[in-house]
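Enquirer: One structure coming up, written as structure tokens, with questions to follow.
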Amino acid sequence: MNRSGPSDRSVVLEHVTVRYGRHEALRDVSAEFPPGAIGLLGPNGAGKSTLIKALLGLLPPASGRMRVLGYDVRESPLAVRARVGYMPESDAHIPGMTAVSFVSYCGELAGLPRANAIQRAHEVLFYVGLGEARYRTIETYSTGMKQRIKLAQALVHDPDLLFLDEPTNGMDPKGRDEMLALVRDIATTKAITLILSSHLLPDVEYACEHVVVLHKGAVATQGPISALKGASGRLFEVRVKGDEARFADALRAEGIECHVDGGGEMRVFVPEDGGSRLLFQVAVRHGVQVRHLRASVPSLEDVFARALSEEEP
Amino acid sequence: MPIHDQGYRHYTGERALHGRGWWVIARAGVLDRLRERRFLALLLFAWSLFVVRAVQLYFGETMARAVFFAPTERTFQLFLEQQRLFVFFITVYAGAGLIASDRQSHALQIYLSKPITRNEYIAGKLLTLAIFLAGVTWVPAMLLLVLQVLFSGSLEFVAGHPRLVPAMTLASALQVALAAVTMVALSSLSRSRRFASMLYAGMVIFAAAIARVLEASTGQPGWALLSPERTLLVVNGAIFGAGSDSAVPLAVATGALAALFAACIAILERRVRAVDIVA
Numbered sequence: 001m002n003r004s005g006p007s008d009r010s011v012v013l014e015h016v017t018v019r020y021g022r023h024e025a026l027r028d029v030s031a032e033f034p035p036g037a038i039g040l041l042g043p044n045g046a047g048k049s050t051l052i053k054a055l056l057g058l059l060p061p062a063s064g065r066m067r068v069l070g071y072d073v074r075e076s077p078l079a080v081r082a083r084v085g086y087m088p089e090s091d092a093h094i095p096g097m098t099a100v101s102f103v104s105y106c107g108e109l110a111g112l113p114r115a116n117a118i119q120r121a122h123e124v125l126f127y128v129g130l131g132e133a134r135y136r137t138i139e140t141y142s143t144g145m146k147q148r149i150k151l152a153q154a155l156v157h158d159p160d161l162l163f164l165d166e167p168t169n170g171m172d173p174k175g176r177d178e179m180l181a182l183v184r185d186i187a188t189t190k191a192i193t194l195i196l197s198s199h200l201l202p203d204v205e206y207a208c209e210h211v212v213v214l215h216k217g218a219v220a221t222q223g224p225i226s227a228l229k230g231a232s233g234r235l236f237e238v239r240v241k242g243d244e245a246r247f248a249d250a251l252r253a254e255g256i257e258c259h260v261d262g263g264g265e266m267r268v269f270v271p272e273d274g275g276s277r278l279l280f281q282v283a284v285r286h287g288v289q290v291r292h293l294r295a296s297v298p299s300l301e302d303v304f305a306r307a308l309s310e311e312e313p
Numbered sequence: 001m002p003i004h005d006q007g008y009r010h011y012t013g014e015r016a017l018h019g020r021g022w023w024v025i026a027r028a029g030v031l032d033r034l035r036e037r038r039f040l041a042l043l044l045f046a047w048s049l050f051v052v053r054a055v056q057l058y059f060g061e062t063m064a065r066a067v068f069f070a071p072t073e074r075t076f077q078l079f080l081e082q083q084r085l086f087v088f089f090i091t092v093y094a095g096a097g098l099i100a101s102d103r104q105s106h107a108l109q110i111y112l113s114k115p116i117t118r119n120e121y122i123a124g125k126l127l128t129l130a131i132f133l134a135g136v137t138w139v140p141a142m143l144l145l146v147l148q149v150l151f152s153g154s155l156e157f158v159a160g161h162p163r164l165v166p167a168m169t170l171a172s173a174l175q176v177a178l179a180a181v182t183m184v185a186l187s188s189l190s191r192s193r194r195f196a197s198m199l200y201a202g203m204v205i206f207a208a209a210i211a212r213v214l215e216a217s218t219g220q221p222g223w224a225l226l227s228p229e230r231t232l233l234v235v236n237g238a239i240f241g242a243g244s245d246s247a248v249p250l251a252v253a254t255g256a257l258a259a260l261f262a263a264c265i266a267i268l269e270r271r272v273r274a275v276d277i278v279a
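So, in structure tokens, the structure goes:
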């Protein structure tokens with residue numbers, strides 16, 4: 001059977017609710033993952049893993065509808081999994097196998113004939129940078145190599161969509177850079193849509209164009225990163241002497257968005273028209289000295305922080 | 001050179017329809033085990049009784065004075081019952097790690113993210129063990145029958161015992177299925193191959209010992225049902241039409257085995273869960 005079926009490359013969720021007993025892990029989630037590289041962000045317990053389980057057709061939603069690559073997940077979970085690659089977060093392999101036998105075995109499980117699976121395994125192992133180590137058993141691999149082998153098994157059957165769960169976990173800086181370069185290459189030049197679940201915002205910012213932020217089982221925000229970053233006003237990094245928390249509250253009372261990090265630095269979004277003058281006015285009114293003020297560029301971290309703060313009651 | 005420059009080609013070849021994952025799993029499992037010399041030695045040793053029985057058949061069919069070696073249905077029934085020892089060792093060796101090792105190395109999430117169902121996964125694991133077990137029960141039993149025909153030079157014995165082939169097949173199938181299903185179910189309970197082995201050994205050896213002690217102390221034959229092995233002997237006796245030493249009724253023994261199968265399937269249903277896929 002050659003690749004057939006719906007050609008839609010996107011992932012669409014419509015009012016999806018997933019429950020574990022009484023607990024709602026996903027609450028009325030509606031989101032669209034367009035083709036390309038999409039980051040799936042959220043704090044622990046936000047529902048990222050549940051979303052991936054549901055999209056793989058392994059966890060039936062209590063309500064709502066999911067379409068992956070044009071297939072209804074509830075009706076055709078096997079068709080979905082035949083065209084999807086999944087790189088799990090935790091260390092996962094089949095004991096006693098060499099890399100090439102493991103990856104070709106995964107290819108066979110995905111429906112490739114044995115000879116083709118072996119050939120693909122060699123190609124994919126070279127692609128992920130394990131060509132020289134492909135005859136070693138996986139138990140002898142370093143953490144970084146194990147991450148690469150997980151990517152190889154997800155790629156062996158040439159999926160249209162990849163789920164990558166924390167692909168840079170435990171990797172050294174060089175390995176991490178190489179993995180991110182691979183991820184970006186897969187999404188851009190290989191035209192494979194990928195959903196990258198990560199808690200490392202710089203990884204997502206480097207590799208993805210779109211982002212979906214989950215918080216407490218609901219979508220906090222979603223869209224192109226560039227659009228979300230350039231949302232409103234100008235961004236300043238601010239350090240003050242005085243009651244920082246009271247100052248932040250005062251800024252918020254004036255309608256100025258403000259995020260305080262643990263290191264005493266504030267990231268303040270000032271409206272275009274008011275500029276930094278408004279900020280100084282608030283500081284004077286509350287007896288706070290502004291010790292440091294520097295224009296900054298919005299990052300994905302700001303998008304994330306803003307999305308989560310908007311969700312808080 | 002960045003590693004991604006080494007190329008990635010899209011696959012344009014054939015893709016199989018879903019539903020053959022069980023065979024891929026079973027074949028890989030069998031080939032993987034056959035690479036182990038110790039296991040090959042065990043398989044070879046498991047055929048030692050076959051050699052003894054083959055010699056017995058030879059003398060029974062070719063020497064007039066060795067008529068007491070002449071085969072009966074009981075010969076083949078006894079052969080299958082004696083193979084229980086090797087069934088036990090092969091089950092422990094080849095079966096204990098079937099799911100436990102996958103659980104330990106988080107391989108379940110790899111399997112179940114592929115286009116295979118849980119049932120296919122379980123069927124593949126069961127078949128892996130069943131192939132080896134059939135190789136030391138049904139295959140040598142049938143070969144003994146072939147040797148009998150060759151040594152006697154006639155089909156008289158086979159024609160005279162028309163239920164022997166179906167009985168051997170059914171008895172072997174039951175023996176293989178019981179060992180495979182219980183071992184795979186016990187293997188799914190743990191991440192440790194050793195622990196699964198101990199569970200199975202406990203179920204076979206200690207359950208039989210406890211059953212005998214309770215039987216002797218209370219005088220109730222029903223305690224034999226505690227031991228799957230002894231329960232199986234009751235059913236096997238009925239299959240060969242030879243009865244059994246136990247006073248347990250056939251219907252009760254059959255019901256006990258059915259309950260054991262159901263319990264194993266329930267364990268597998270609970271332990272091999274798709275939701276385990278994402279840790």
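Protein chains in written order, with my numbering: chain A, 1 to 313; chain B, 1 to 279. Yeah, the Cβ is synthetic: ideal placement off N, Cα and C, and Gly gets one too. No experiment lies behind these values; they were computed from the predicted model shown.
Closer than 7 Å, Cβ to any Cβ of chain B: which residues of the region 80-111 of chain A, in chain order?
Expert: Under the 7 Å Cβ criterion, the region 80-111 of chain A contributes R81, A82, Y86, P88, E89, S90, D91, A92, H93, I94, P95, G96, Y105, C106, E108, L109, A110 and G111.
Enquirer: For the beta strand (DSSP E) holding E14/A, just list the boundary residues, first then last.
Expert: Per DSSP, E14/A belongs to the beta strand (DSSP E) from V11 to Y20.
Enquirer: Taking the alpha-carbon positions, what's the F269/A to H286/A distance?
Expert: Approximately 19 Å between the Cα atoms of the pair.
Enquirer: Alpha carbons only, please: which of L13/A, R27/A and R19/A is nearest the one belonging to L55/A?
Expert: Nearest option by C-alpha distance: L13/A.
Enquirer: Alpha carbon to alpha carbon, how far is G97/B from R103/B? Give it in angstroms, no decimals.
Expert: Their Cα atoms are separated by approximately 9 Å.
Enquirer: Look at the Cβ atom of V183/A, then the Cβ atom of A154/A, and state whether they are nearer than 8 Å.
Expert: Cβ distance not < 8 Å, so V183/A and A154/A don't count as in contact.
Enquirer: State buried or exposed for S4/A, treating a residue as buried only when at least 16 other CB atoms are found within 10 Å of its CB.
Expert: Confidence at S4/A is low in this model, with a pLDDT of 48, below 50, so the placement of that residue should be treated as unreliable; the coordinate-derived value is given next. With fewer than 16 other Cβ atoms within 10 Å, it is exposed.
Enquirer: Taking the straight line between their C-alpha atoms, what separation do you get for D177/A and I195/A?
Expert: About 18 Å.
Enquirer: Cα separation between D203/A and L180/A?
Expert: Rounded to whole angstroms, D203/A to L180/A spans 7 Å at the Cα level.
Enquirer: Quick check: what's the CA-CA separation for A253/A versus E237/A?
Expert: When rounded, the distance between both Cα atoms is 19 Å.
Enquirer: Under three-state DSSP, which class holds G7/B?
Expert: Three-state DSSP puts G7/B in coil, outside helix and strand.
Enquirer: Should A123/B be labelled buried (16 or more other beta-carbon atoms within 10 Å of its own) or exposed?
Expert: Buried, since its Cβ has 16 or more Cβ neighbours within 10 Å.
Enquirer: Between which two residues does the alpha helix (DSSP H) harbouring D102/B extend?
Expert: Note, D102/B: alpha helix (DSSP H), G97 to Q104.
Enquirer: If you draw a straight line from the C-alpha of P77/A to the C-alpha of H93/A, how long is it?
Expert: Distance between the alpha carbons of P77/A and H93/A is about 23 Å.
Enquirer: For the region 71-113 of chain A, list the beta strand (DSSP E) runs that are entirely contained and at least 3 residues long, ordered along the chain.
Expert: DSSP runs (the beta strand (DSSP E)) wholly in the region 71-113 of chain A: 84-87.
Enquirer: Using 10 angstroms around the beta-carbon of D172/A, count the other beta-carbons present and answer buried if the total reaches 16, otherwise exposed.
Expert: Exposed, since its Cβ has fewer than 16 Cβ neighbours within 10 Å.
Enquirer: With C258/A as the anchor, note down where its beta strand (DSSP E) starts and where it stops.
Expert: Element bounds for C258/A: E257 to V260.
Enquirer: In chain A, which residues lie with their C-beta within 7 Å of the C-beta of I116/B?
Expert: Result: L109.
Enquirer: Are F304/A and L41/A touching if we call contact CB-CB under 8 Å?
Expert: Yes, these two residues count as a Cβ contact at 8 Å.
Enquirer: Counting only C-beta atoms, is L180/A closer than 8 Å to chain B at any point?
Expert: Output row for L180/A: interface = no.
Enquirer: Taking 8 Å as the cut-off, decide whether the C-beta atoms of F59/B and F50/B are in contact.
Expert: Cβ atoms of F59/B and F50/B: not closer than 8 Å.
Enquirer: Counting only the same chain and skipping the five closest in sequence on each side, list residues whose C-beta sits under 6 Å from that of L214/B.
Expert: Cβ within range, chain order: W223.
Enquirer: Between the Cα of A283/A and those of E244/A, R267/A and E265/A, spot the shortest distance and give me the residue it belongs to.
Expert: Ranking E244/A, R267/A and E265/A by Cα distance to A283/A puts E244/A first.
Enquirer: Where does P18/B fall in DSSP's three states?
Expert: A small correction: the amino acid at residue 18/B is His; Pro does not occupy that position in the sequence shown. Coil.
Enquirer: What does I131/B touch in chain A if you count any residue whose Cβ is under 7 Å from its own?
Expert: Chain A residues near I131/B: none, gap ~18 Å exceeds 7 Å.
Enquirer: Can you round the beta-carbon distance between L214/A and D302/A to whole angstroms, since I take them to be within the 8 Å contact cut?
Expert: Contact flag wrong, Cβ pair sits at about 17 Å.
Enquirer: Would L280/B pass as a contact of T169/B if the rule is Cβ separation under 8 Å?
Expert: Any answer about residue 280/B is impossible in this case: the structure gives chain B only from 1 up to 279.
Enquirer: Determine the direct distance from the alpha carbon of P61/A to that of V18/A, and round the result to whole angstroms.
Expert: Rounded to whole angstroms, V18/A to P61/A spans 5 Å at the Cα level.
Enquirer: Can the beta-carbon of G217/A be found closer than 8 Å to that of E24/A?
Expert: Taking 8 Å as the Cβ cut-off, G217/A and E24/A qualify as a contacting pair.
Enquirer: Taking the alpha-carbon of A185/B as reference, which of C264/B, T218/B, F39/B and S172/B has the nearest alpha-carbon?
Expert: The option with the nearest alpha carbon to A185/B is C264/B.
Enquirer: Among the residues of its own chain, which have a CB less than 7 Å from the CB of V234/B, if the five just before and after it don't count?
Expert: Closer than 7 Å at the Cβ level, and outside the excluded window around V234/B, lie S244, S246, V248, L250 and A253.
Enquirer: Quick one: is D336/A buried, meaning 16 or more other Cβ sit within 10 Å of its Cβ, or exposed?
Expert: Any property of residue 336/A remains undetermined from this structure, which presents chain A solely from 1 to 313.
Enquirer: Is the region 116-124 of chain A touching the region 26-33 of chain B, taking contact as three or more C-beta pairs under 8 Å?
Expert: No: fewer than three Cβ pairs fall under 8 Å.
Enquirer: How about Y135/A: is its C-beta nearer than 8 Å to some C-beta of chain B?
Expert: No, Y135/A does not count as interfacial toward chain B.
Enquirer: Does S281/B pass the burial test, meaning 16 or more other C-beta atoms within 10 Å, or should it be called exposed?
Expert: With chain B covering 1 to 279 only, the question about residue 281/B has no answer from this structure.
Enquirer: Specify whether the region 109-116 of chain B and the region 145-165 of chain B touch according to this definition: at least 3 beta carbon pairs, one from each stretch, less than 8 Å apart.
Expert: Verdict: no, contact absent.
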